[in-house]
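Note sheet for the following structure.
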Amino acid sequence: MANQLPKNYDPKDFEKKVYQDWLEKGYFRAEVNENKTPFSIMLPPPNITGALHLGHALDQTIQDILIRYKRMSGFEALWMPGTDHASIATEVKVVEKVKEEKGISKKELGREKFMEEAWAWRDTYGRRIVEQMQQLGSSCDWDRERFTMDEGCSAAVTEVFVRLFEKGLIYRGNRIINWCPDCKTSLSDAEVEHEDKMGNFWHVKYPIKGEDGFIEIATTRPETILGDTAVAVHPDDERYKHLIGKIAILPVLNREIPIIADTYVDPEFGTGAVKITPCHDPNDFEVGVRHDLPQIRVMNDDASINELGGPYVGMARYECRKALVKDLEELGLLVEVKERNHSVGHCYRCHTAVEPLTSEQWFVRMEPLAKPAIDAVKDGSIKFVPERFDKTYFHWLENIRDWCISRQLWWGHRIPAYYCDDCQEITVARQAPDACSKCNSTNLRQDEDALDTWFSSALWTFSTLGWPEQTPELKYFHPTDVLVTGYDIIFFWVVRMVFSSLEFMEEIPFKHVLIHGLVRDAQGRKMSKSLGNGVDPLQVIDEFGADALRYTLIQGNSPGSDMRFSQEKLEAARNFANKLWNATRFVLMNLEEEVPTMETLADSLALEDEWILSRLERTRQEVTANLDKFELGLALQKIYDFTWNEYCDWYIEMTKTRLYGDNEDARKTAQAVLTEVLKGILRLLHPFMPFITEEIWQTLPNTIGSVMVAPWPKAMEEALKPQMETRMEHLMTAIRNIRNIRAEMNVPHSVKAALQVVAQTEESRQIITMGTPYLKSLAGIADVSFLEKEEDAPNLAVSTMIPGAQLYIPLAELIDLDKEIQRLEKEKEKALAEIKRVEGKLSNEGFMKKAPEKLVEEEKAKKAGFEEMLVTLEKRIAELKI
RNA sequence: GGGGAAUUAACUCAGCUGGUAGAGUAUCUCCUUGACGUGGAGGAAGCCGUGGGUUCGAGUCCCUCAUUCCCCACCA
C-alpha cells in the first residue's frame, strides 16, 4: 500500500513546507531561454506602508493562476515581484514614527537622518509584505525582486526625467496645483478625490469706487476674497455692461480691483458676477493670465492665512472664513447665504480638503504623450479585459492636463535639477554637475523636492528589466503579457505605464490589461479601517488555508466586478478541499504495491472508465479555453463540478465493485484510471489551489517531481467517447430514477428490489447489461432480468424508463398503489407539456424553415421520445387502476 | 453635466458567440453503506426589474422607463 493521508484536511500541516520546497528547488526562477516562449507579468508593487489586504490577495491570486498555468503549459513564465516606496504615504508614516519615538519633526531630524529612518522602515515592511505574499502561494521569481527606489529603478527615473526635460516635455512653472495642507505637498489631479458636499453659497456685495452702487458676487469659499484681484462679468450681460472698466472696492482689505469682462463668466449662474482669485482657483488663474492681473496668494503651506490677509493673518482657513463672514455681515455687505451642493477635492491619502493654489512646480506636458497611448488601445495592440474599461481610459487621456510631478517630500526620487545661486540657471543632469552650465559658478543647490511616486511606477515594466541598459531580459520579457490590476488605479498607473513605455521602449508595456474589482465585506461595503470591517488575509489563511482563500476569491467572480467576501464562501471552499483530500485518501487506500499505468493495463476499460476519461478531456478543453480568455471563475467552477459531481459522486462509487471484486485485472484497471484521473484533476486545479494539489500529488504513485512543473494536460481528442457519455447518461438516469422512486415510496434501505427490463433496442439492452453491477451497488437492485415482451411486465410494480427500455420494480407488498398512480400521472403531465412545447415548435413554419437542421432533428427525436413515454405511462396507469 | 455597471431561486452570484434557466449557502425528507457528516441520496424553490422592438426563437441583441451603485467633470 502506498502513502497515507490524515483523515481531515488541515492546510497548516503542509502549506509552509510545500512553499519552502518550491523555493529550494528554484521552480519560481525564470531565465532568458530562447527555446521557450516567454510569458511575463509584472506584479503591481504593493506599498511598503502596511500589510497585505484582501485586495492584494485577489490581485495576486489572479496573477499566480495565470503564471502557474503558463509555466505548466511550457512557457518561460516570469512573475516579477517588487514593492513601491509610496512616497507620500510612507513619508507620513515615518514622520509620525519619528515624532512618536524621538519627539521631533522631520525638519529637526534633518534630511539625511530622516532618509535613514525611512530606509529602515522599508526594510522592515518590505520584508513583511514578501513573507505575506509567500504565504498566499505566489510563485514570483524572488531572486529578481525589485524596489522602486533601488539603484536600477532610480537610474531609470533620472534618465527618463532628463530625457523628457531635454525634449521639452518636462518644464518648471508657477501654476495652480492641488495642495494638501496636511501632507504639505502638491498633488496631481489623479490624487484628488472629489466629493459632493452640502455647503453655503455666500452672496457678497462689493462697493463701486466713486459711486453709490455695488456689484454682487457669490462664493463658496469666502476666505479667498482676500486674494481677489478683479471682478469679472460677461461682456454681453446688460445688467453689468455699465460697470465694466470701473473699480470695485474689496471689502475689509479695501483693495481697489478692476471690473473686467470675460466670456468665461456664465451670466445664468449665481449673480452673473465672479470674484477673480488667480492664486486660489484654476479658472481664475486663467482669467488672470488673460487680463494680466496681479497674483496674490494669501495662504501658507498649512492653509493658514499669511501676511497678505490683513487682519486675518495666522488664522486657519475655516477660522478665517467664519471671521470674515461675520465681518462682512457687520459691514452690511453680506447679502444672503444660500445652501448649495458643491464638490470639494480631498487628498487621496489623508482625506484633508485640498486647497487649489499657485506654486512653483515641475510638470510633464501630457498632450504629445497621450496621443500614442490612445492609439495603442484604439488599434487593439493593448486590450482591456473586460473591454468596457477602455472607455474610462480614453476619457481620461482625451481630457488630460499637464501632470504635476514634484512633491514637497524627502522620501522619493530627488529631482535631478540644480539651481545656480548666482545666475539662477537651472541645470538638469544625470549626475550632480560640478559647476553651473551657464556661469560656471559652483554655488549649486539640488532641487529639494521628490518626484511623484507614480513617476517611477510608470516605468515598472522596463525599469525592472534593466532599462536603460538593453539587457537580454529586457529584450526577452518585454513587452509583458498581462497587467492585472483593479479598476481604481487605471488613471494612476495603467495610463502612465502605457505612455512611458511607448515613449522610451517604443513598444507597448503589456498586451492585456486584466481588470478586477474590489473585495467588499459580506454586506457589500468597502473594507476600511474606519468601519473596522477589514479582513486580514493572514488570519483567513491561518483558519482556512491559502487554497481556500484563493478559491473563495476566484469562484464566481467575473472580471471587472466587485465581490463580497464571506465566511460561508470560505467554508464552501474549505469543504471542497476536504472533499478532494478524502477522494485521494480513498484512492490511496485502494492502491496496491504495483499500480499499472494507463499504458500497461491488462484489462480493457470499463464503461465508466471511458466515460470519466472522456469527461476529463472535455473538462480539460473547457478549462483551457476559459483560462485563455481570462475567465478564471468559470474555469474553476468546471473543475469543481467535474471533481465533485462526476469523479467523486459517480466514478469513485462505480469503481467500488471492481476494487472490492476478485478480478485482479479489473481491479488494477480501476486503480490505474482512478489515479490517472485524479492526477488530471490535480494538474488542472493546481494553478488555483497550489498547496493541496502539490501535497496530494506527492503521495501518488508514478509521479515525478512536483505538480508545479508537471505539464498542463495535453489535448487527447481520442479520449472523447460521445457514445460512452450517452450510455452513462442513460444509466445514470436509470439509477437516479430508481433512487427517486425508492425515496418517494419510502422503501427502506435494507430492501433490495428486483428489476425487470423490457428493452426495445439493442443499445438500451447493452446499457442495462453493462450497468447491472451499478444498478445493484448504487440503486439497491438485487438482480436484473430481461422480459421478452411488454405483456410480460408485472402489474403490481413501479416503473420508469430510459430511451428504448422500460424498467419495472415489482414491490407489490411495499408500494402504495394510489401513490404510484399519482406519481405516474405527474410524469404524464410533464410528458404532455413537453410534447405540446415541441409540437408548437415543429408546427411553426418559421422554425422549420430557418432553424438549423440539427436542431430540428433533435426536436423531432425528443418528440418521439416523449410520445413513446406517454404511451407507456398511459398503459401503466390503466393497468394499475384495474 | 458626461460615462459605465448592476437588477436571475430565501441569500451570494455564474450563465461565452441567442436554441427548453445553473452553482454555493440556507431550507425540507431520508441515510453512522468499507474516502469524506467539512459527507451521501432525494425534494421544494425562478412571469431572469418594467414596457416595447429585432428574430422561427431573447436571461442573452436594440430602445424606453424604474431602482441601486461606481467613475469622471475648473457649477464661481
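So for the first sequence, full-length UniProt numbering puts the first residue at 1; every next one is plus one. Note that CB positions come from ideal geometry on N, CA and C, so glycine has one too.
- Look at VAL265 here: in three-state DSSP terms it is coil, with no helix or strand label.
- ARG496 is classed as buried because its beta carbon has at least 16 other beta carbons within 10 Å across all chains shown.
- Going by DSSP, MET198 is part of the beta strand (DSSP E) stretching over 192 to 207.
- Annotated three-state conformation of PHE214 is strand, per DSSP.
- Look at GLY26 here: in three-state DSSP terms it is coil, with no helix or strand label.
- Around the CB of GLY272, 16 or more other CB atoms lie within 10 Å, so the residue is classed as buried.
- The shortest C-alpha to C-alpha distance from LEU43 to any of ALA77, VAL18, THR699 is the one to ALA77.
- Annotation: the continuous alpha helix (DSSP H) that includes THR453 extends over 453 to 457.
- The criterion of a C-beta distance shorter than 7 angstroms is not satisfied by ASP237 and PRO207.
- Every alpha helix (DSSP H) stretch that sits fully inside the stretch 646 to 693 and reaches 4 residues is listed by chain position as 653 to 659, 664 to 685.
- Straight across, the Cα-Cα distance linking CYS436 with ALA429 is about 11 angstroms.
- Per the C-alpha coordinates, the member of ILE225, THR277, GLU159 positioned closest to MET505 is GLU159.
- Checking the DSSP bridge columns, you'll see TRP79 partnered with ILE41.
- Straight-line measurement puts the Cα of LYS819 at about 41 angstroms from the Cα of THR619.
- Distance from the CA of LYS107 to the CA of VAL709, rounded to the nearest whole angstrom, comes to 53 angstroms.
- Taking C-beta atoms as the reference points, PRO687 and TYR69 count as a pair closer than 7 angstroms.
- Scanning the stretch 305 to 369 from its first residue to its last, the whole beta strand (DSSP E) runs of 3-plus residues come out as 334 to 347, 355 to 364.
- No beta strand (DSSP E) of 3 residues or more sits fully in the stretch 589 to 628.
- Bridge partners of LYS383 according to DSSP: HIS512.
- Taking ASN399 as reference, the option from ARG414, GLN424, ARG365 with the minimal CA-CA separation is ARG365.
- Counting along the chain, the unbroken alpha helix (DSSP H) around ARG739 starts and ends at 722 to 744.
- When ASP84, LYS579, LYS36, THR185 are compared, the shortest CA-CA separation from ALA51 is found for ASP84.
- Between SER457 and VAL157, the C-beta gap is not smaller than 7 angstroms, which leaves the two residues out of contact.
- Residue pairing for PHE147: DSSP places it in a beta bridge opposite THR83.
- Under the three-pair Cβ rule at 8 angstroms, the stretch 823 to 830 does not count as touching the stretch 779 to 787.
- Nearest to ASN35 by alpha-carbon distance, out of GLN63, LEU58, PHE75, is PHE75.
- Counting along the chain, no beta strand (DSSP E) covers ALA51, and no H or E run does either.
- Between the beta-carbon of GLY137 and that of ARG550 there is about 7 angstroms, and that keeps the pair under the 8 angstroms contact cut.
- Excluding five sequence positions before and after GLN766, the CB atoms of its chain that fall closer than 8 angstroms to its own CB belong to ARG727, given in chain order.
- DSSP, reduced to helix, strand and coil, places ASN582 within a helical segment of the structure shown.
- In the DSSP assignment, GLN756 falls outside any alpha helix (DSSP H) and lies within the beta strand (DSSP E) extending over 753 to 759.
- In the DSSP assignment, the residues bridged to PHE786 are VAL757.
- Beta-bridge analysis with DSSP links ALA779 to no other residue.
- Counting only the Cα atoms, GLU191 lies some 35 angstroms from ASP542.
- Beta bridge pairing from DSSP links LYS526 with ARG520.
- In the structure shown, the three-state DSSP call for THR703 is coil.
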